[in-house]
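In our numbering, the protein residues as written are 6 to 486. Positions of the beta carbon are idealized from the N, C-alpha and C atoms, including for glycine. What follows is one structure encoded as structure tokens, with my remarks underneath.
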């Protein structure tokens with residue numbers, strides 16, 4: 006009983022600091038549903054800031070030039086934009102009250118009000134929305150990145166990241182929270198073929214109500230970047246006084262990016278770099294601490310507390326330790342910067358799975374405007390994932406820990422990539438193929454996703470038959486990255 010009491014004391018401590026320690030338990034993520042966010046942004050009209058949501062933004066890298074980033078943090082309800090930045094592109098990150106961010110209309114209205122205050126023209130691609138239960142913890146952040154003139158010698162992908170699930174058994178200023186936020190950014194930059202730690206740069210986004218806590222967070226950021234030999238720029242806290250962990254990050258690659266969604270062809274194969282899932286165990290572990298009776302219920306269903314704890318430890322390790330090998334492998338199968346793409350030698354497209362799990366297949370189908378026929382759905386810790394789904398405790402038990410991504414290419418290219426991934430402790434599996442172009446849809450054999458997705462309405466939308474060509478489906482209008 007003592008453990009449970011300590012747990013709730015800890016949770017109360019997080020809440021007092023303006024953090025949401027259990028908000029992610031059912032969804033395995035503190036991020037608003039990306040599909041809903043895309044639809045909300047599409048409704049925002051007549052503003053000078055144009056947002057075409059994507060999982061990253063790609064800047065050209067200019068030979069010998071360091072990126073210059075100018076940060077502005079705004080009040081979401083009434084942004085004071087008197088000091089606007091005359092820079093044409095920016096990364097964005099929003100923290101929005103969950104009651105607003107769970108309704109497309111409410112979120113669209115909130116964003117419309119925010120953007121209407123701006124006068125300077127800005128283009129934004131990366132703009133995730135973090136959820137909060139605290140109205141006074143909301144903010145809008147724009148990181149303006151200035152591009153200089155000069156010779157282009159590669160790409161500089163850029164994105165923002167924040168702590169999506171957290172280890173609530175640890176203190177609010179424990180280093181794991183920083184590690185999860187930073188590793189989330191590294192993971193996606195690795196997937197774009199950036200695998201050299203020396204070419205990464207971080208611009209931490211963090212906050213807390215007390216100076217000594219801010220000092221500890223800064224110490225944890227320094228320790229993480231020093232450990233992996235990463236460059237970071239010092240930034241002050243958000244000054245909202247509410248606990249938050251995130252970062253903007255850029256990396257440099259001298260390769261073409263593996264995001265040729267328009268060149269995905271019929272017959273190409275789809276591979277997962279690792280099994281789906283893993284995050285459900287983090288949620289299930291939190292549920293056993295929230296209510297000891299849950300542990301007994303899970304045991305009776307044949308899933309032991311020790312199995313859940315081991316799976317949760319594995320997931321948190323994955324979320325907080327970067328895999329630079331992934332970036333090196335992807336880079337090897339991308340053309341050099343400026344060189345032509347060869348479908349027989351290069352990866353055609355990649356897409357991060359993350360907390361989207363099986364729904365990432367729908368995102369990929371939209372970007373590539375193709376029908377994906379999926380005949381395998383490998384899920385780690387199946388018994389935990391099934392129980393989480395049967396009990397309706399986790400919306401989507403395919404929500405994945407790091408190391409799980411989608412790669413599209415010809416059979417021969419994927420054979421080579423898979424061989425290299427296995428040497429670095431990945432477990433790649435072919436899950437399907439591109440059956441048809443010109444229509445964005447997904448079909449999964451044997452209703453396999455049913456066993457792992459409790460959110461049946463969302464699953465029905467993913468697997469809905471495509472609209473006829475005369476009425477293009479809204480998902481087909483998804484932005485290309």
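task = Could you tell me the distance, in whole angstroms, from the CA atom of residue 203 to the CA atom of residue 358?
result = 25 Å
request  = Name the one or two DSSP bridge partners that residue 150 has.
outcome  = 74
key: Residue span of the beta strand (DSSP E) that contains residue 505, given as start and end   = No statement about residue 505 is possible, as the shown extent of the chain runs from 6 to 486 and does not include it.
DSSP bridge partner residues for residue 364 (one or two, in chain order) = According to DSSP, which records beta bridges pairwise, residue 364 is partnered with nothing at all.
query = Closest to residue 275 by CA distance: which of 379, 409, 99 is it?
reply = 379
key: Every unbroken beta strand (DSSP E) within the segment 323 to 375, with a cutoff of 3 residues, ordered by chain   = 354 to 357
message = I need the straight-line Cα distance from residue 333 to residue 199, nearest angstrom please.
response = 7 Å
Close-in-space but distant-in-sequence residues of the same chain around residue 326 (CB under 6 Å, 5 per side omitted) = none
8 Å contact criterion, which residue 324 and residue 185 should meet: CB distance rounded = 5 Å
task = In the DSSP assignment, find the unbroken beta strand (DSSP E) run with residue 54 in it and report its ends.
result = 54 to 56
task = Within the same chain, show all residues whose beta-carbon is closer than 6 Å to that of residue 191, passing over the 5 residues directly before and after it, in chain order.
result = 327
inquiry  = In whole angstroms, give me the CA-to-CA distance for residue 214 and residue 171.
reply    = 19 Å
task = Return helix, strand or coil for residue 248, following the three-state DSSP convention.
result = coil
key: Residue burial classification, residue 24 (beta-carbon count within 10 angstroms, cutoff 16)   = buried
key: residue 223 versus residue 32 - alpha carbon distance   = 29 Å
query = From what residue to what residue does the beta strand (DSSP E) around residue 100 run?
reply = 94 to 102
key: CA nearest to the CA of residue 153, picked from 257, 73, 371, 110   = 73
message = Taking 9 Å as the threshold (C-beta atoms), are residue 436 and residue 383 in contact?
response = yes
inquiry  = Which complete alpha helix (DSSP H) runs does the segment 104 to 176 hold, if anything under 4 residues is left out?
reply    = 109 to 120
inquiry  = Taking the alpha-carbon of residue 277 as reference, which of 368, 46, 295, 381 has the nearest alpha-carbon?
reply    = 381
query = Candidates 90, 55, 113, 69: which alpha carbon is nearest residue 81's?
reply = 113
query = So what does DSSP say about residue 422, is it helix, strand or coil?
reply = helix
ask   = Given that a residue counts as buried once 16 or more other Cβ atoms are within 10 Å of its Cβ, and exposed if not, what is residue 345?
value = exposed
request  = Would you kindly work out how many angstroms separate the C-alpha atoms of residue 361 and residue 125, rounded to a whole number?
outcome  = 34 Å
ask   = Rounded C-beta distance between residue 235 and residue 205? I'm assuming under 8 Å.
value = 5 Å
key: Reference residue 413, options 296, 181, 272, closest by Cα   = 272
ask   = From residue 85 to residue 122, what distance separates their C-alpha atoms?
value = 8 Å
request  = Have a look at residue 56 and residue 301 and give me their C-alpha separation to the nearest angstrom.
outcome  = 48 Å
key: residue 220: first and last residue of the uninterrupted alpha helix (DSSP H) it sits in   = 216 to 232
request  = Go to residue 297, then tell me how far its beta strand (DSSP E) extends in each direction, as first and last residue.
outcome  = Residue 297 -> not in any beta strand (DSSP E); alpha helix (DSSP H) instead, spanning 297 to 305.
task = Taking 9 Å as the cut-off, decide whether the C-beta atoms of residue 49 and residue 117 are in contact.
result = yes
Cα-Cα separation, residue 142 to residue 28 = 14 Å
ask   = What's the C-alpha gap between residue 177 and residue 169?
value = 14 Å
Residue of 330, 394, 453, 377 minimising C-alpha distance to residue 494 = Nothing can be reported for residue 494, as the shown portion of the chain is limited to 6 through 486.
key: Per-residue DSSP class, three states only, for residue 461   = helix
query = Should residue 115 be labelled buried (16 or more other beta-carbon atoms within 10 Å of its own) or exposed?
reply = buried
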